[in-house]
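Undergrad: Everything in the sequence shown is counted per numbering that gives the first Met the number 0, starting at 0 for the first residue and increasing by one.
We put the beta carbon where it would ideally sit given N, CA and C, even for glycine.
This is the structure, below, for whatever I ask next.
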Amino acid sequence: MNEQVWLVDDDSAIRWVLEKALQHANISCRSFEQAEDLLAATQRQAPQLIISDIRMPEMDGFSLLQDLQSKLPNTPVIIMTAHSDLDSAVTAYQGGAFD
């Protein structure tokens, strides 16, 4: 079974909440703790949607978004953050994040 939505967030509590919300809506999902793991998984399959945090150790959401634009250009990406930051929101939108 292919997961429709992939989540990436280094915060396990956020991943858990999003997983439960999607499952409650009968949407299959797969979660990742690190952006690098999500990118590696794109070698084998592709989701219908990706939800990513901005601030993560190692590869951040902006770098992930840039890589995804070349690897999965037709896959929508939603960028989220727990930190209110208009500059980050604008940068994510300009980088191709889903509006």
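Could you check the C-alpha separation between LEU21 and GLN47 for me, to the nearest Å?
TA: Distance between the alpha carbons of LEU21 and GLN47: 13 Å.
Undergrad: From which residue to which residue does the beta strand (DSSP E) around SER27 run?
TA: Counting along the chain, SER27 falls outside any beta strand (DSSP E), and DSSP gives it neither H nor E.
Undergrad: Taking 8 Å as the cut-off, decide whether the C-beta atoms of ALA45 and LEU71 are in contact.
TA: Contact: yes.
Undergrad: Among residues of its own chain, excluding the 5 on either side of SER62, which ones have a beta-carbon nearer than 6 Å to its beta-carbon?
TA: Hits under 6 Å: none found.
Undergrad: LEU17 to GLU57, Cα distance in whole Å?
TA: Taking the straight line joining both Cα atoms gives about 22 Å.
Undergrad: Mind reading off the beta-carbon distance from ASP66 to VAL7? Whole number of angstroms is fine, and I expect it under 8 Å.
TA: Rounded, the Cβ-Cβ distance is 12 Å, inconsistent with contact.
Undergrad: I want to check one thing, is the minimum distance from the CB of ASN25 to the heavy atoms of the ligand COA below 7 Å?
TA: The ligand COA is absent from the structure shown, which contains no ligand whatsoever.
Undergrad: On the CB-based measure, 16 or more other CB atoms within 10 Å of its CB, does ALA102 come out buried or exposed?
TA: The displayed coordinates of the chain run from 0 to 98. Any statement about residue 102 would go beyond what the structure contains.
Undergrad: Please report the residue range of the alpha helix (DSSP H) in which LEU67 lies.
TA: Run containing LEU67: 60-70, per the alpha helix (DSSP H) assignment.
Undergrad: With C-beta atoms as the reference, is ILE78 less than 8 Å away from GLY60?
TA: Against a cut-off of 8 Å, the Cβ pair of GLY60 and ILE78 comes out as a contact.
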